[in-house]
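Residue numbers for the sequence shown follow this note's numbering, beginning at 5 and rising by one.
Quick reminder that beta carbons are idealized off the backbone N, C-alpha and C, glycines included.
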Amino acid sequence: MANLHNLAGVPQRPTQAVILAGGRGERMRPLTDLRPKPMIEAGGKPFLEHQLLMLREQGFKRVLLLLGYLPAVVRDYFGDGRKWGLEIDYSVTDVEDKTGRRVKLAENKIENIFFLLYCDNYWPMSMEKMWRRFLEANVPMMVTVYSNKDNYTKSVLKVDDAGFVTVYDKSRKTPDLQGTEISYAIMRRELVSGLPDGNIGLEETLFPSLIRDRQLAAFVTHHRYYSVGDTFRLPITEAFLARRPAIILDRDGVLNEKPPRANYVRTWAEFKWLPGAQESLRLLKEAGFRVIVVSNQAGIGRGAMSENDLFEIHRHMAGDAEQAGGRIDAIYYCPHNWDDGCECRKPKPGMLFQAQHDFNLDLSRTLFIGDDERDGQAAEAAGCLSELVSGEKTLLKIVGELLLKPNKSAGP
Ligand SMILES: [Mg+2]
5 MANLHNLAGV PQRPTQAVIL AGGRGERMRP LTDLRPKPMI EAGGKPFLEH QLLMLREQGF
65 KRVLLLLGYL PAVVRDYFGD GRKWGLEIDY SVTDVEDKTG RRVKLAENKI ENIFFLLYCD
125 NYWPMSMEKM WRRFLEANVP MMVTVYSNKD NYTKSVLKVD DAGFVTVYDK SRKTPDLQGT
185 EISYAIMRRE LVSGLPDGNI GLEETLFPSL IRDRQLAAFV THHRYYSVGD TFRLPITEAF
245 LARRPAIILD RDGVLNEKPP RANYVRTWAE FKWLPGAQES LRLLKEAGFR VIVVSNQAGI
305 GRGAMSENDL FEIHRHMAGD AEQAGGRIDA IYYCPHNWDD GCECRKPKPG MLFQAQHDFN
365 LDLSRTLFIG DDERDGQAAE AAGCLSELVS GEKTLLKIVG ELLLKPNKSA GP
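Here it is, written out as structure tokens:
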């Protein structure tokens, strides 16, 4: 299949995804005795189906599945893919083939620029952002890197400030490694053409020279990925895929009257609910939503109030919410002063990622409602959906619209 170029000579974004799904899944025994790893069920369907649905949503049209172990189980289920609105094709090679050989043997089915992922990982991607970054970096390959600041997994690489991978060390002997590669890669086919014959792994063959030439870009994310790579991870993955919908709310100006700048709500007596806020919390609870509040509270860092003062306010606030039939599940606050340089004060997205990790949220499907531009910027940086309340657009109105949407359940 030919690839198109537009008139400006900028390549079109790829619409073919290639999925490496041929391994025996030894670490998933006995779940993989009778089916290959991508067919393990999580959240009510095979893991691979979650990936395919996301790829379709992200504008992919064709999927090439590279199979080896029990290929018929996959083919019988997905067929030509039409049922999922995709064209699915297969390349079946020896079960002992390593990743590099599997890709190389499928070369004639691979398009000029393609998207590559492993069947192990689900990560809520944004192709639009990734494609923009790939064009800027002007490289033959870009991989997605989980920053791993929370030690969720083992770090195997280093990325420099400009966003290029500088070290890849699976033996993990290099000090200060930070981050792990989760595939979700954009690649040019010429890299496949250049692979040597023989049974080789993809990363260990490609990465050293790409890194040496500064040709391996990283798309760094703080949003967790969810894996069927080992049995240890499966319960977390199950929790993520079966999660209930969530909403994230700013506090001052969304739930309660906003004090003037550099003034703070210091006591419960100074806290004034906005009209409709408690009703919104009730509606959200009734619709099954988890409600998370994220709030800058620099009054603490600036000495206007104590952390205990804030706790008292939040205790009352949560109590009022329950009285009204609602529920606040968690409140994250940034106690730091304006110039403390912390990672949590909005517009930085630190609190949103913390909530993502704690509650296994899919931020790409989670709405964050705020009232000022820093909220919007934090949402953008975290890949959240966002809305700002204003005179006409109250919290109650936004929540009402959200609950009318057919896909409000925010499932993948
Ligand atoms: Mg606010």
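Status (buried if at least 16 other CB within 10 Å, exposed otherwise) for residue i
| i | result |
| --- | --- |
| Asn312 | exposed |
| Ala221 | buried |
| Arg265 | exposed |
| Val147 | buried |
| Glu194 | exposed |
| Thr271 | exposed |
| Leu408 | exposed |
| Pro179 | exposed |
| Phe223 | buried |
| Lys289 | buried |
| Trp135 | buried |
| Ser284 | buried |
| Arg106 | buried |
| Leu4 | It is not possible to answer for residue 4, since the shown part of the chain is limited to 5 through 416. |
| Trp342 | exposed |
| Glu207 | buried |
| Pro339 | buried |
| Lys133 | exposed |
Contact check, residue i vs residue j, beta carbons under 8 Å
| i | j | result |
| --- | --- | --- |
| Leu406 | Leu371 | yes |
| Arg228 | Met131 | no |
| Val258 | Gly374 | yes |
| Tyr172 | Val163 | no |
| Gln282 | Asp256 | no |
| Val78 | Pro42 | yes |
| Lys158 | Arg176 | yes |
| Gln20 | Leu56 | no |
| Ser390 | Asp379 | yes |
| Thr103 | Tyr150 | no |
| Gly26 | Gly85 | no |
| Tyr126 | Tyr230 | yes |
| Asn417 | Ala243 | With the chain represented from 5 up to 416, any question about residue 417 goes unanswered, as that position is not in the structure. |
| Gly444 | Asp344 | Outside the displayed span of the chain (5 to 416) sits residue 444, for which this structure offers no information. |
| Ile44 | Leu35 | yes |
Continuous alpha helix (DSSP H) stretch holding residue i: start and end
| i | result |
| --- | --- |
| Asn312 | 311–327 |
| Val403 | 399–408 |
| Val107 | 103–109 |
| Pro211 | Correcting the residue type first, residue 211 is Phe in the shown sequence and not Pro. From DSSP, the alpha helix (DSSP H) with Phe211 extends over 206–216. |
| Phe363 | 354–363 |
| Leu57 | 51–61 |
| Gly380 | 377–386 |
| Ala21 | Unbroken run through Ala21 is the beta strand (DSSP E), 20–24; no alpha helix (DSSP H). |
| Phe244 | 238–245 |
Beta strand (DSSP E) segment containing residue i, residue limits
| i | result |
| --- | --- |
| Ile252 | 250–253 |
| Arg417 | Shown here, the chain extends from 5 to 416; a query on residue 417 therefore has no answer. |
| Glu391 | 389–392 |
| Phe118 | 117–122 |
| Val417 | The requested residue 417 is not part of the displayed model; the chain covers only 5 to 416. |
| Leu371 | 371–374 |
| Val171 | 169–172 |
Counterpart residues of residue i in DSSP-defined beta bridges
| i | result |
| --- | --- |
| Glu185 | Val149 |
| Leu220 | Met145 |
| Glu396 | According to DSSP, Glu396 bridges with nothing at all. |
| Cys338 | Asn300 |
| Thr225 | Tyr150 |
| Ala46 | Lys49 |
| Ser443 | What is shown of the chain runs 5 to 416, which leaves residue 443 out entirely. |
| Ile190 | Phe119, Met146 |
Unbroken beta strand (DSSP E) runs of length 3 or more, entirely within the region 63–100: which are they?
-> Taking only runs of at least 3 residues, the beta strand (DSSP E) segments lying wholly in the region 63–100 are 66–71, 91–96.
Whole beta strand (DSSP E) elements within the region 250–286, 3-residue minimum | If we require 3 residues or more, the beta strand (DSSP E) runs fully inside the region 250–286 come out as 250–253.
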